[in-house]
Amino acid sequence: MVADPMIRYLAKRILLIIPTLFGIIAINFAVVQFAPGGPIETVIAKVKHQHAQSGDTAAPNSVYRGMQGLDPSMVTQLKKQFGFDKPPLTRFFIMLRGYLSFDLGNSFFQGQSVLSLIWQRLPVSISLGLWSTLIVYLVSIPLGIRKAVHDGSRFDLTSSLVILIGYAIPGFLLAIFLIVLFGSGGMAPLFPLRGLASPDADSYSWPSKILDYAWHLILPTIAMTIGGFASLTMLTKNSFLEEIRKLYVLTARAKGASEARVLYGHVFRNAMLLVIAGFPAAFISIFFTSALLVEIVFSLNGLGLLGYNAVLQRDYPVMFGTLYIYTLTGLVMQIIGDFFYTVIDPRIDFDTRP
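Per our numbering: the sequence shown = residues 63 to 416.
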């Protein structure tokens, strides 16, 4: 049966998630062990800063002893609290054992479990990634098809120039420009600067909440999508051009089929194979690469900002927890992409795929 090779292939890909996750987490865990600083050093720095601001001369019974830093007993207590009283290998396998049941541990500094922090921030990141990817697809596919049909025309050349200029503009730079131009207090203050909801949004009706959400989402979505049109548009155009030049298209035209029938009845399905199947990868690309700086600029509490702050604070459970979720999401989306291939083109031979 045709489904059997596909099921075997997908099962093999699912099983490969385990060693891939293990390898990525192990490498990052090993790198962190050799990185300078750590959560204990972060606590010491905070205590020093607090005492410097208060002008405390460090009383004899204080846990902070001036130039000598924290009292040794306090350091020992912190090591036990953060789990650093155990060897690194032991800590690594304790972490992995928790990950098997999605117990990602507790944040060192935020007083919450890592999983709850991720669940709080996940809707923001998914909103940005999903809407940005959908907009890129809704614009790039029709644009790419039209560029293929009018290949070499003035429209083709002009649109290529425009999307390449957009591709060259960094997302964070565009975000700053949009804030200066359209943000509250800017030259044309049309949109809010922070978050995805107004402070009093809880009192709004559901239609008003949806409009308020969309209003807050406009500027960050523009900043994330402007550079994503180029690659997908050119991929769509090249896919269509390749199919249009094939023999079956010439045959369909010779039989008297209309241009619309040839384009959307014969070419579209084959040309869209790579484009549609690449949707999960495109979502992950935007989700991973574009969100961080945009979240920082627009003060959006998403996963990118959560992971960034965790790195600055050396909050290891949050660092590894977000890495685990990012990696797992990426691997699952790749499998979904392979599944899309089979839905669009059942002719794919999974017995020959690695």
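We put the CB at the ideal spot given by N, CA and C, even for glycine. As the structure is a computational prediction, the values presented were derived from the model and not from experiment.
Please tell me whether Phe-253 and Phe-244 are closer than 9 Å, where the distance is taken between their beta carbons. In this structure, Phe-244 lies closer than 9 Å to Phe-253 by Cβ.
Taking Tyr-161 as part of the alpha helix (DSSP H), name the residues at either end of that continuous run. Counting along the chain, the alpha helix (DSSP H) containing Tyr-161 begins and ends at 150-162.
Contact between the stretch 224-242 and the stretch 356-375 (3+ Cβ pairs under 8 Å): yes
What residues in its chain sit with their C-beta under 7 Å from that of Ile-80, if we drop five residues either side in the sequence? none
For the alpha helix (DSSP H) holding Ile-231, just list the boundary residues, first then last. Looking at the DSSP string, Ile-231 is not in any alpha helix (DSSP H), and its letter there is neither H nor E.
Whole-angstrom distance between Ile-76 and Leu-83, CA atom to CA atom: CA-CA distance, Leu-83 to Ile-76, rounds to 11 Å.
With DSSP collapsed to three states, give me the class of Val-125. Annotation note: pLDDT 49 at Val-125 (below 50); position unreliable, no value reported.
Rounding to the nearest angstrom, what Cα-Cα distance links Thr-119 and Arg-376 in this structure? Summary for Thr-119: the model assigns pLDDT 49, below 50, so the residue's position carries little reliability, and this model does not support an answer.
Pick from Trp-277, Asp-262, Phe-164, Tyr-266: whose alpha carbon is nearest that of Leu-255? Trp-277
Pick helix, strand or coil for Phe-170, following the three-state DSSP scheme. coil
By the DSSP assignment, the alpha helix (DSSP H) with Arg-208 in it spans what residues? 176-211
Where Phe-31 sits in the DSSP three-state scheme: What is shown of the chain runs 63 to 416, which leaves residue 31 out entirely.
Rounded to whole angstroms, how far is the Cβ of Gly-228 from the Cβ of Phe-291, which I believe are closer than 8 Å? Distance from Gly-228 to Phe-291 at the Cβ level is roughly 6 Å; contact confirmed, criterion being Cβ atoms closer than 8 Å.
At the level of alpha carbons, what is the spacing between Leu-166 and Thr-104? Each residue's Cα considered, the two are about 21 Å apart.
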